[in-house]
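For what it's worth, my numbering labels the leading residue of the sequence shown as 1, then goes sequentially. Even glycine gets a Cβ: it sits at the ideal position worked out from N, Cα and C. Note that this is a predicted model, so its numbers are computed, not measured. What follows is one structure encoded as structure tokens, with my remarks underneath.
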Amino acid sequence: MTEEKVALGRRLFYDLRLSSNGTQSCASCHQQQRAFTDGRAHAVGSTGEEHPRGAMSLANAAYGASLTWTDPDTTNLEEQMRVPLLGEHPVEMGMAGHEDEVVARLRRDSLYARLFPAAFPGEGDAVSLVNVRKAIASFERTILSGDSPYDRLVWKDDRDALSPAARRGMALFFSERLACSKCHAGFTFSGPVRWAGGPETRPALEDNGLGGRFRVPTLRNIAVTAPYMHDGRFETLDAVIDHYAEGGLPSPTLSALVKGFTITKEEKAELVEFLESLTDVDFLKDPRLADPWRN
1 MTEEKVALGR RLFYDLRLSS NGTQSCASCH QQQRAFTDGR AHAVGSTGEE
51 HPRGAMSLAN AAYGASLTWT DPDTTNLEEQ MRVPLLGEHP VEMGMAGHED
101 EVVARLRRDS LYARLFPAAF PGEGDAVSLV NVRKAIASFE RTILSGDSPY
151 DRLVWKDDRD ALSPAARRGM ALFFSERLAC SKCHAGFTFS GPVRWAGGPE
201 TRPALEDNGL GGRFRVPTLR NIAVTAPYMH DGRFETLDAV IDHYAEGGLP
251 SPTLSALVKG FTITKEEKAE LVEFLESLTD VDFLKDPRLA DPWRN
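Okay, here's the thing in structure tokens:
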């Protein structure tokens with residue numbers, strides 16, 4: 001990872017020419033002002049195909065234990081890039097079968113003629129699909145969010161960072177009664193795909209996730225990433241809290257951690273206020289992460 005790779009990757013991330021029909025970029029589904037999500041219940045690919053799941057936030061993807069909704073073995077950003085670029089079920093960028101055509105477009109660009117060799121010095125032909133993936137992955141590693149009001153309280157001891165209501169909501173979040181932090185854990189407020197058994201018991205990939213199991217998404221910047229859940233079924237944080245308070249939906253794969261809980265209207269408002277304190281406003285408008293083609 002170098003400054004040159006990051007600069008190239010940022011250009012590629014926002015470049016419509018990476019889709020086979022020139023209509024969509026990575027940023028089409030991962031918009032900075034939405035914490036690199038797209039505001040849709042289901043993502044839509046370059047061909048107009050609606051996906052069964054929503055676009056995940058890329059915030060702090062560099063620290064992700066896994067990088068898709070259902071595959072715990074996808075832990076490398078370079079490898080993950082194969083999915084949006086080349087995947088066919090569903091189609092995202094639609095590059096499969098058009099790889100040479102897309103690379104040829106990039107070769108004809110005079111800016112890329114400078115940026116690729118600078119990012120990959122010593123390579124005879126630096127403009128390649130492999131290097132596209134490496135460069136975008138380098139840029140994605142700079143998509144870091146960690147300066148929310150909550151962070152200022154925890155890391156900078158700013159006692160005024162959270163309102164009294166948000167502080168009470170924080171206590172609820174980390175309480176044994178609600179147990180939110182059992183799944184949404186650590187700096188990223190997220191977690192891996194959860195299993196009932198070991199690796200040998202993993203079921204085959206299905207439309208309902210991996211045997212009904214999904215990755216635990218980050219709660220950072222959650223206030224700007226509606227709708228919620230893997231399929232976007234809930235429009236508000238209140239609805240999500242109600243869902244878990246009721247114990248989720250009956251399922252043989254339901255995590256034992258989802259037990260339901262009691263919560264008052266006032267407590268729910270406090271919990272929402274705490275979740276809103278995880279918004280990193282500077283991250284949402286950081287010029288280093290913005291579309292370079294517009295500048």
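With fewer than 16 neighbouring CB atoms inside 10 Å of its own CB, N76 falls in the exposed class. Spanning the alpha carbons of R167 and L178 requires a straight line of approximately 15 Å. DSSP, read as helix, strand or coil, puts R10 in helix.
Sorting Y63, K259 and T253 by C-alpha distance to the C-alpha of T142 places Y63 at the top. For the set V224, F173, T253 and T2, the Cα lying nearest the Cα of A35 is the one of V224.
Close CB contacts of R105 within its chain, under the 6 Å cut and outside five residues either way in sequence, are with R17 (chain order). For the 8 Å CB-CB criterion, P90 and H30 do not form a contact. With a contact defined as Cβ atoms closer than 8 Å, K5 and A119 qualify at about 5 Å. Checking the DSSP bridge columns, you'll see A185 partnered with S190.
Residue nearest to D109 within the set A27, Y150 and D15 is D15 (criterion: CA-CA distance).
Between S20 and H98, the CB-CB gap stays under 8 Å. The Cβ neighbour count for F174, taken over all protein chains shown within 10 Å, is under 16; the residue is labelled exposed. Excluding its 5 nearest sequence neighbours in each direction, S277 has C-beta neighbours in its own chain below 7 Å: S148, P149, Y150, L162 and A166, listed in chain order.
Separation of R220 and N60 (C-alpha to C-alpha, rounded to the nearest whole angstrom) is 9 Å.
Assignment of E99 by DSSP, reduced to helix, strand and coil, places it in the helix class. In terms of CA proximity to S145, Q32 leads the group K182, R114, C26 and Q32. Under DSSP, T37 takes part in a beta bridge, and its partners are Q31.
The DSSP-derived three-state label of V216 is strand. Taking C-beta separations shorter than 8 Å and ignoring five residues to either side along the sequence, the partners of A43 in its chain run C29, E50, H51, R53, G54, A55 and E92, following chain order. Classified as exposed, G186 has fewer than 16 neighbouring CB atoms from the shown chains inside 10 Å of its CB. Under the rule that a run must span 4 or more residues, the alpha helix (DSSP H) segments found entirely inside the stretch 121-152 read 129-140. Per DSSP, S46 is not a residue of any alpha helix (DSSP H), being assigned neither H nor E.
Cα atoms of D280 and A7: separation of roughly 23 Å, rounded to the nearest angstrom. Counting along the chain, no alpha helix (DSSP H) covers S251, and no H or E run does either. G169: member of the alpha helix (DSSP H) spanning P164 to F173, first to last residue.
In the structure shown, the three-state DSSP call for V91 is strand. Residue pairing by DSSP places Y228 opposite F234 in a beta bridge.
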